[in-house]
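Once you know that position 53 of the sequence shown is 53 in full-length UniProt numbering, the rest is easy, because the numbers rise by one and skip nothing. Backbone N, C-alpha and C define an ideal beta-carbon position, used for all residues, glycine too.
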Amino acid sequence: MTAEPAAPHGGPAPTPQPELNLDWAGYLRAGEYRRALAAARVGNADMPVQDALEVLFDLQEAVRARRLLVAQRLAERLPDLLNDMGAADARTLREHAPPDALHAALEALLGADRERLSDDAALRERLQPALTQPLTRAEALNTLGVLHALQDREGQARQSFGEAIAHDPGHYRALTNLGNMALEGGDAAGAETLYRQSIALNADYSGAQHNLGVALRRQGRLAESVKAIKKGQRLAVRQSQREQQDELKGDPRTRKAVQTARIVMLVLVVIVVLFIVRGHV
């Protein structure tokens with residue numbers, strides 16, 4: 001029988017530490033890009049592998065923020081990185097994020113913005129390349145949810161937003177959209193909870209900060225409401241500036257879609273502010 005390790009100074013034996021999981025490929029297949037990158041770095045994976053995983057992590061963040069021009073530029077780096085790494089590692093990464101399919105997925109998201117489709121079936125067909133790719137599926141589902149919400153199909157909207165969050169629990173904009181539906185349905189406290197969950201994921205997201213202020217106002221918490229709305233307005237200005245920088249660096253053919261999205265966002269912010277000032281919310 002093997003003896004237990006001796007305890008120092010007669011005290012309890014040290015608790016065995018769990019083995020560190022450095023399987024970056026496993027994390028990648030699970031869609032956990034942050035952990036995949038961390039595992040690759042700690043495990044001293046080849047630099048092209050680390051660089052490719054960093055690209056995928058940054059790309060997911062860009063898609064969550066709908067900074068699609070940034071996401072496109074990141075995706076353009078993948079082919080060279082894949083060519084610089086070993087065959088087995090390249091195969092693993094290609095299986096999860098094939099460059100051509102990822103390019104088509106991002107084009108589908110941008111195309112949906114440009115075309116502003118109002119038919120559910122047509123939009124779903126346009127988004128099909130994005131729905132099939134892990135890095136863009138949540139954003140495509142969120143886009144479908146927005147159309148359902150605009151056309152008063154509440155059940156389908158909630159389902160689409162819920163599916164987006166199930167696929168990507170960090171998709172803070174889908175959480176915010178669920179909060180918007182709760183607020184519109186008269187559940188200000190439930191909306192507040194969802195907005196705070198979104199802010200916990202990204203404290204710089206102007207939409208959640210601003211709409212949190214609306215939810216707080218409806219609960220009679222005016223001082224908190226004003227603070228949240230002002231913060232949301234400051235963040236919206238910064239967001240607009242970032243998007244302008246994205247456009248300057250991006251392909252002129254895709255700038256119009258991003259410009260349209262930014263204008264819509266700013267108009268919505270102005271409308272909500274006017275309603276608050278007039279006491280309608």
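Buried or exposed for residue i, going by 16 or more other Cβ atoms inside 10 Å?
i: Met-181; result: buried
i: Glu-184; result: exposed
i: Gln-219; result: exposed
i: Asn-83; result: exposed
i: Ala-200; result: exposed
i: Met-47; result: exposed
i: Val-63; result: buried
i: Leu-235; result: buried
i: Gln-133; result: buried
i: Gly-86; result: exposed
i: Arg-137; result: buried
i: Ala-130; result: buried
i: Glu-19; result: exposed
If you follow the alpha helix (DSSP H) that residue i is in, where does it begin and where does it stop?
i: Gly-185; result: Segment: none, Gly-185 is in no alpha helix (DSSP H) and carries neither H nor E.
i: Ser-118; result: Run containing Ser-118: none; DSSP gives neither H nor E here.
i: Asn-211; result: 206-218
i: Gln-60; result: 47-64
i: Arg-221; result: Neither: Arg-221 is in no alpha helix (DSSP H) and is coded neither H nor E.
i: Gln-72; result: 68-75
i: Pro-79; result: 78-84
i: Leu-28; result: 24-29
i: Thr-136; result: From DSSP, Thr-136 is part of no alpha helix (DSSP H); its letter is neither H nor E.
i: residue 295; result: The chain is shown only over 1 to 281; residue 295 falls outside these bounds and no answer can be derived.
i: Ala-97; result: Element bounds for Ala-97: n/a, residue is neither H nor E.
So which of the options has the shortest CA-CA distance to residue i?
i: Glu-95; options: Gln-239, Gln-72 and Pro-79; result: Pro-79
i: Asp-152; options: Leu-110, Leu-212, Ser-118 and Gln-241; result: Ser-118
i: Lys-227; options: Arg-67, Gly-213, Tyr-195 and Ala-104; result: Gly-213
i: Arg-66; options: Tyr-172, Thr-92 and Gln-209; result: Tyr-172
i: Arg-114; options: Gly-26, Glu-76 and Leu-68; result: Leu-68
i: Arg-91; options: Asp-168, Arg-29 and Thr-176; result: Arg-29
i: Asp-89; options: Arg-116, Ala-45 and Leu-175; result: Ala-45
i: Leu-150; options: Thr-132, Ala-138, Asp-168 and Asp-120; result: Asp-120
i: Leu-123; options: Ala-138, Pro-129 and Leu-144; result: Leu-144
i: Ser-160; options: His-148, Pro-169 and Gly-170; result: His-148
Worksheet item: Along the chain, which unbroken stretches of the beta strand (DSSP E) at least 3 residues long are found entirely within the UniProt repeat "TPR" (138-171)?
Response: Listed in chain order, the beta strand (DSSP E) runs fully inside the UniProt repeat "TPR" (138-171) amount to none, counting runs of at least 3 residues.
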